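These notes concern the structure reproduced below.
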Amino acid sequence: MTQTPTTKDGFLQLSRRGMLQGAGALGGAALMGSLGLGSARAAPKKGGTMRLAMGHGSTSDSYDPATWDQAFVQVFATARNGYLTEIAADGSLIGEVAESWDVSPDAKVWTFKLRKGVTFHSGKSVMAEDVIASLNHHRGEDTKSAAKPIVAAIKEMRSDGDDTVVITLDAGNSDFPFILSDYHLAILPSSGGKIDTTSGDGCGAYAVQSYEPGVRASMTRNPNYWKSDRAHFDGVEMLTVIDPAARQNALVTGEVDVIDRVDTNTAHLLKRAPGIKILATTGTQHYTFAMDTRVAPFKDNNVRMALKYAIDRQELVDKVLNGYGEIGNDHPISRSNRYHAADLEQHVYDPDKAKHYLNQAGLDSLEVSLSAADAAYSGAVDAAVLYAERAAKAGITINVVREPNDGYWSNVWMKKPWSAVYWGGRPTEDWMFTTAYASGVAWNDTFWENERFNKLLVEARSELDDTKRRAIYEEMQGLVSNDGGAVIPMFASYVMAHTDKIMTPETVGPQWTLDGFRAIERWWFA
409 MTQTPTTKDG FLQLSRRGML QGAGALGGAA LMGSLGLGSA RAAPKKGGTM
459 RLAMGHGSTS DSYDPATWDQ AFVQVFATAR NGYLTEIAAD GSLIGEVAES
509 WDVSPDAKVW TFKLRKGVTF HSGKSVMAED VIASLNHHRG EDTKSAAKPI
559 VAAIKEMRSD GDDTVVITLD AGNSDFPFIL SDYHLAILPS SGGKIDTTSG
609 DGCGAYAVQS YEPGVRASMT RNPNYWKSDR AHFDGVEMLT VIDPAARQNA
659 LVTGEVDVID RVDTNTAHLL KRAPGIKILA TTGTQHYTFA MDTRVAPFKD
709 NNVRMALKYA IDRQELVDKV LNGYGEIGND HPISRSNRYH AADLEQHVYD
759 PDKAKHYLNQ AGLDSLEVSL SAADAAYSGA VDAAVLYAER AAKAGITINV
809 VREPNDGYWS NVWMKKPWSA VYWGGRPTED WMFTTAYASG VAWNDTFWEN
859 ERFNKLLVEA RSELDDTKRR AIYEEMQGLV SNDGGAVIPM FASYVMAHTD
909 KIMTPETVGP QWTLDGFRAI ERWWFA
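The numbering of the sequence shown is my numbering, which starts it at 409 and goes up by one.
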């Protein structure tokens, strides 16, 4: 079966709600103005330097794609690199470096035809050997890549000439081309079968001029970029600005053109800011409190269930997200996913039920510490405090530990027993579960092990009957919800803001922040 870049048959189509209006952050002053949404009313123009302030970034960031773990490096990577496939704003899959692909009837052998004329910034042509080396960087026993689990099914790769890559999987996977759009799987230049993890060379829309991890990155348009309808800015400046008020002030005062992670607590102020527009999209992004299920008291599922019934989810959506999101049910599959388990019993705030589970664990009360910082997500500390207030009625004392923003992902996440986490989600159920819930994977931040879940994960991946596949994924969501180590109280909209000088397409990708990480490539100046 041949898949062309615009083919949708056989691939997941993401549903979505319309764009939300409103949300923002302000440190101090009252603002006056109006709210609007950027849209494509005229053909994009080339020119100008777009300045983007992001609430992400760390001094430990690097060019090594195995380590990319938050939105600054993800957006930076997507701007300078090319990928075999791309998820379009409407959720369909299109070809990027891969012009087309064929698949065997059992969905085990995939043949990708590379687009001709694609070059790296250094001038080297993109060849099959570069694709193979780039994917191999995330494979093997020695790799530390968080993408290792999603490419683990690759059994063999070979080139059939310079422009064709043949990939054989250990089992059928109809979602495989989606996986190749993952931000880790950038196509980088290779030498001797290896990629250089210290170089910023790529084949994407923008070439790196300078990079200071955790501070800023500067890029200029790639003059040889093959997409004539993309890369409209002459240059881009990316800034790490963790503090929400500082990001807000930089936008209002004209120091930057775009910000992400708008603090919804002061949305009513930013709505009235002159020349400022709010952009919000709802997809798979979710906020969690991840427990290390290997250690006491979290290794007891009765304790985990007590904590799941001790949180008021709607309160967090209302007060932390200011309505820009929806409640979660302690699993990572959103309503925008194809196989969302809509009939799964919803966990609700119930102090009596929480006490019941404590008693089942042999406890009359419980005291635990919860680490949080705004580096996890805007309002994470406030969410933890609200959680603690409600849990007290169930005899649970939650000591909120306010952690430093810098180094949160390297020093707190997966290091402390219980911490606040944000997840961008993934377009398919298999991709999400394989990345963060499968046994032993690098980003299984709850260190959860469930034999039944892992068995079903393999079955679902190769199941071609849609009804059977749905039943499997629904059971898996129930296992994560009722046995897993993550409290997932809410799915959050991506809330961004930009000046009215910035134009965006009418359809903005909700899969991840900033137009599916591609705002730098897709947006332009009015």
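Just so you know, even glycine gets a beta-carbon here, dropped at the ideal spot from N, CA and C.
Source: prediction; values computed, not measured.
It is roughly 12 Å from the alpha-carbon of E620 to the alpha-carbon of F480. The straight-line gap separating the alpha-carbon atoms of F841 and A497 is approximately 23 Å. Between the region 871-889 and the region 730-746 there are three or more C-beta pairs closer than 8 Å, enough to call the two in contact. When only Cα atoms are considered, K516 and K863 end up about 19 Å apart. In the structure shown, R488 adopts helical secondary structure according to DSSP, grouped into three states. DSSP lists H694 as the beta-bridge partner residues of W831. Each of I587, V809, L715 was checked against the Cα of A802, and the nearest Cα belongs to L715.
For the pair Y732 and A781, the Cα-to-Cα distance works out to about 20 Å. Judged by pairs of C-beta atoms under 8 Å, the region 921-928 does not touch the region 742-756, as fewer than three such pairs exist. Distance from the Cα of G683 is smallest, within the candidate group G917, N544, I910, for I910. In this structure the region 866-877 does not lie against the region 650-664, because fewer than three pairs of beta carbons, one per stretch, are closer than 8 Å. Within the same chain, E775, V776, S777, L778, A796 come within 8 Å of N807 by CB-CB distance, once the 5 residues on both sides are set aside. E929 is positioned such that its CB atom lies closer than 8 Å to that of A487.
Take the alpha-carbon of S582 and the one of E537: they are about 24 Å apart. Within the region 829-869, the alpha helix (DSSP H) runs of at least 4 residues that lie entirely inside it are, in chain order, 837-844. With 16 or more neighbouring CB atoms inside 10 Å of its own CB, E504 falls in the buried class. Annotation for S626: the continuous beta strand (DSSP E) segment containing it runs 624-629.
For K454, the closest C-alpha among the options E494, G499, G643, Y471 is that of G643.
For the pair A613 and N630, the CB atoms are nearer than the 8 Å cut-off.
Counting the other Cβ atoms within 10 Å of the Cβ of D550 gives fewer than 16, which makes it exposed. G733 carries a strand assignment under DSSP once its states are collapsed to helix, strand and coil. According to the DSSP assignment, H906 belongs to the beta strand (DSSP E) that extends over 902-907. For Y619, the three-state secondary structure derived from DSSP is strand. With fewer than 16 other CB atoms across the displayed protein chains lying within 10 angstroms of its CB, A450 is exposed. Look at the beta carbons and you see the region 702-710 touching the region 765-774: at least three pairs across the two are nearer than 8 Å.
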